[in-house]
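What follows is one structure encoded as structure tokens, with my remarks underneath.
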Amino acid sequence: MSSRDKQKWFGLVWLAIGAIGVGTAGAQPVRFTKIVLDKTFRSEGVAVGDVNRDGKLDVLAGEVWYEQPQAVSISGAAPGPWSDARRQGGQDLGREGAAPDWKMHEILPLGQYDYKTGYSKTFANFACDVNGDGWIDSVITTMMGEPSLWYENPQGKPGHWKVHTGTRSACNETPLFADLLGNGKPVAIWGVQPEGYIAWFSIPQDPYQLWNMHIIAGPKAPGSQRYDHGLGVGDINGDGRNDVLIQQGWWEAPQDRKQENWKFHRADFRPACADMLVYDVDGDGDNDVITSSAHDYGIWWFEQLPGGKFQRHEISKSISQTHALRLADLNGDGIMDFVTGKRYFAHNGKDPGAFEPALLVWFEIQRPEKGKVQFVQHAIDDDSGIGTQFEVVDLNGDGLLDIVTANKKGVHVFLQEGPPQTIALFDGKTFDGWEGNLDYFRIEDGAIVGGSLDKAIPRNEFLCTKKEYGDFELRLKVKLLGDLARANAGIQIRSRRIPNHHEMIGYQADMGQKYWGCLYDESRRNRILAQP
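Residue numbers for the sequence shown follow the numbering used here, so the first one is 549 and each next one is one higher.
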């Protein structure tokens, strides 16, 4: 409440303050708090697992792992070292902060990798207790075609981890660790050279020996070359068993998965792709396939038609180098969505769109009516992207799915923010939680009333909340009575008092002659940011 042009005025302002919604206004979108674990290029794959057995999930990226300090829910009112909201095209993407409490530990001596000219020694990273000792180990694929490795967790002891060989070759640029057997336990699936096998692997009784290879197809199977693209797992024919997909078709899983040379069904899932997701996109009862371009533009879904044929539909061509996909129901509506983004500098700046922003996005799958499907793209971040593999998992145990990525931009965590809190600022009876000169404010019929129709107000007066808030939506009703030519009132936003002065520094949403509904600097009214 302020006097117009520092004159005395007679007037009355009536405020019915309801609640402050700490978070995003309107229908609540899925928002993420971005945490920068590391800006150094460590790996193009990332894994999540409880490395130190403290009950919290940690992040593994190549030669390092990052210890999660505590599992905390992220909401609009949660404290933290966050900067202002990240924005893209006017859209609020959520907050960003460093990770001062996350501790990095070396798994191996650190390599030095130049994102402009080369690659790291980790293309994919998986967390698995390989030797059955109860401690999470780190499984990696190195440069395509080279042996896959696993790093043995030292069980909390200091020092670097021991390196062991898992398979003598790991080919295809989308190596998988997936639930092929349908028992909830993921197994490794990739190509093997020089023979040209597509195979899955089981860990032998002696885990320090090479893993047992179970041949799905080959020799000279499509998809088995070092730099082949496209690999997926899912139930294509609806028999309850997970099949294996490549660009050229799919292998039907037999009842005994250890049986060699599965039956191959030709299908055209081109153009060249990376992950191949299997999901009933249109809700018609059979599974479809979602793919994306690893080194160009393009995201597609392949609708399964009667007779086992597939029809390609384009989803988007707005992002290049979408070298990985993850299926997840991010918004909790019961329909799966998918996450993807740019694998930044995948070919060291030589791919189409290489210098465009390193986007991370999710596509919401909507079914507005039976037989219809549409995809809504949502931005998550524009300075991170993905690698050749990433994770979508509830990292902090709050029941919401988070995203963990590693690539040439560094290592990042995106914690999904919980629903905004609703906080009552005024109890309708007292000024508890407020401070100011109460000579000019009172409570009548559950509303705050400022000023008087018969008593002059000599200067600006403010009633302030004692507590500070971050992002919020404030809902209230205001009624202004009296000499409207001279009286005015407003709400100060992100403001602070000027010591020993009757004004404030900050912006005011105003009610009063000439300034109805304006947003301006309270101490410099010629600086108007917005007006009706």
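Ideal Cβ placement from N, Cα and C applies to all residues, glycine included. Quantities reported herein were computed from a predicted structural model and do not represent experimental measurements.
Q: Report the partner residues of residue 955 according to the DSSP bridge assignment.
A: Residue 955 sits at position 407 when you count from the first residue of the sequence shown. Residue 955 pairs with 958.
Q.
Taking the straight line between their C-alpha atoms, what separation do you get for residue 681 and residue 949?
A. The residue you call residue 681 lines up with position 133 of the sequence shown. The residue you call residue 949 lines up with position 401 of the sequence shown. Residue 681 and residue 949: Cα-Cα distance of roughly 28 Å.
Q.
If distances are taken between C-alpha atoms only, which option among 806, 729, 837 and 831 comes closest to residue 816?
A. The residue you call residue 816 lines up with position 268 of the sequence shown. Comparing Cα positions, the closest option is 837.
Q) Helix or strand or just coil, what does DSSP make of residue 872? A) Position 324 of the sequence shown, counting from 1, holds the residue named residue 872. Residue 872: coil per DSSP, three-state reduction.
(Q) Only counting the same chain, and skipping five residues up and downstream in sequence, which positions put a Cβ closer than 8 Å to that of residue 756? (A) What you label residue 756 is simply residue 208 of the sequence shown in a count that begins at 1. Once the five neighbours on either side are set aside, the close Cβ partners of residue 756 are 679 and 712.
Q. Distance, Cα to Cα, residue 992 vs residue 1047?
A. For this step, residue 992 is matched to residue 444 along the sequence shown. For this step, residue 1047 is matched to residue 499 along the sequence shown. If I take the Cα positions, the gap works out to 31 Å.
Q) What's the C-alpha gap between residue 737 and residue 725? A) Residue numbering aside, residue 737 sits at position 189 when the sequence shown is read from its first letter. Residue numbering aside, residue 725 sits at position 177 when the sequence shown is read from its first letter. It is roughly 6 Å from the alpha-carbon of residue 737 to the alpha-carbon of residue 725.
(Q) I'd like to check one pair, residue 832 with residue 873: are the Cβ atoms closer than 7 Å? (A) The residue labelled residue 873 in the question sits at position 325 within the sequence shown. The residue labelled residue 832 in the question sits at position 284 within the sequence shown. Taking a C-beta distance under 7 Å as the contact criterion, residue 873 and residue 832 do not qualify as a contact pair.
Q | Opposing strand residues paired with residue 926 [DSSP bridges] | A | For the purposes of this step, residue 926 is taken as the residue at position 378 of the sequence shown. Residue 926 pairs with 910.
(Q) Can you tell me whether residue 903 is helix, strand or coil according to DSSP? (A) Counting from 1 along the sequence shown, the entry for residue 903 is found at position 355. DSSP places residue 903 in the coil class of the three-state scheme, outside both helix and strand.
Q: Sort 688, 696, 1011 and 654 by Cα distance to residue 707 and report the nearest one.
A: Within the sequence shown, numbered from 1, the residue matching residue 707 stands at position 159. The alpha carbon of residue 707 has as its nearest neighbour, out of 688, 696, 1011 and 654, the alpha carbon of 654.
Q | Under the three-state DSSP convention, the category residue 667 falls into | A | As a working note, residue 667 is residue 119 in the sequence shown. Three-state DSSP puts residue 667 in coil, outside helix and strand.
Q: In angstroms with no decimal places, state the Cα-to-Cα distance between residue 584 and residue 606.
A: Position 36 of the sequence shown, counted from the first residue, corresponds to residue 584. Position 58 of the sequence shown, counted from the first residue, corresponds to residue 606. Our two residues, residue 584 and residue 606, have alpha carbons roughly 14 Å apart in a direct line.
Q: Report all residues from its chain with a CB closer than 8 Å to the CB of residue 721; omit the five preceding and five following residues, and keep chain order.
A: Working through the sequence shown from its first residue, we reach residue 721 at position 173. In its chain, beyond the 5 residues on either side, 671, 692, 775, 776, 777, 822, 842, 871 and 936 have a beta carbon closer than 8 Å to the beta carbon of residue 721.
Q. Which residues in the same chain have their Cβ closer than 7 Å to the Cβ of residue 553, if we skip the five residues on either side of it in sequence?
A. For the purposes of this step, residue 553 is taken as residue 5 along the sequence shown, with counting starting at 1. Residue placement at residue 553 cannot be trusted, given a pLDDT of 34 that sits under 50; what the coordinates show is reported in the next sentence. Sequence-distant Cβ neighbours of residue 553 in its own chain, meaning closer than 7 Å and more than five residues away, do not exist here.
(Q) If the criterion is Cβ atoms closer than 7 Å, does the pair residue 690 and residue 669 meet it? (A) Reading the sequence shown from its first residue, position 142 is the one you call residue 690. Reading the sequence shown from its first residue, position 121 is the one you call residue 669. Their beta carbons are under 7 Å apart, which means residue 690 touches residue 669 by this criterion.
Q) Does the beta carbon of residue 866 come closer than 7 Å to any beta carbon on chain D? A) Annotation note: the requested chain D is absent from the structure, which comprises a single protein chain.
Q. By the 10 Å Cβ neighbour count, where 16 or more other Cβ atoms means buried, how is residue 575 classified, buried or exposed?
A. The residue given as residue 575 occupies position 27 in the sequence shown. Unreliable placement is indicated for residue 575, whose pLDDT of 42 sits below 50; the coordinate value is still reported in the next sentence. It counts as exposed.
Q.
Could you compute how far the alpha carbon of residue 764 sits from the alpha carbon of residue 851?
A. Here the question's residue 764 lines up with position 216 in the sequence shown. Here the question's residue 851 lines up with position 303 in the sequence shown. Linking residue 764 to residue 851 through their CA atoms gives a straight-line distance of about 25 Å.
Q: List the endpoints of the continuous beta strand (DSSP E) containing residue 814.
A: Taking the sequence shown and counting its residues from 1, one reaches residue 814 at position 266. Element bounds for residue 814: 811-814.
Q) What do you get for residue 922, buried or exposed, if any count of 16 or more other CB atoms within 10 angstroms of its CB means buried? A) Stepping through the sequence shown from its first residue, residue 922 is reached at position 374. It counts as exposed.
Q | Beta-carbon proximity check, residue 615 vs residue 651, cutoff 7 Å | A | Indexing the sequence shown from 1 puts residue 615 at position 67. Indexing the sequence shown from 1 puts residue 651 at position 103. In this structure, the beta-carbon distance from residue 615 to residue 651 falls below 7 Å.
Q. With residue 938 and residue 911 assumed to form a contact (beta carbons below 8 Å), what rounded beta-carbon distance in angstroms separates them?
A. In the sequence shown, counting from the first residue as 1, residue 938 sits at position 390. In the sequence shown, counting from the first residue as 1, residue 911 sits at position 363. Not quite, the Cβ-Cβ distance comes to about 15 Å (not below 8 Å), so this is no contact.
Q | DSSP three-state assignment for residue 783, whether helix, strand or coil | A | Counted from its first residue, the sequence shown places residue 783 at position 235. DSSP, reduced to helix, strand and coil, places residue 783 outside both helices and strands of the structure shown, so it counts as coil.
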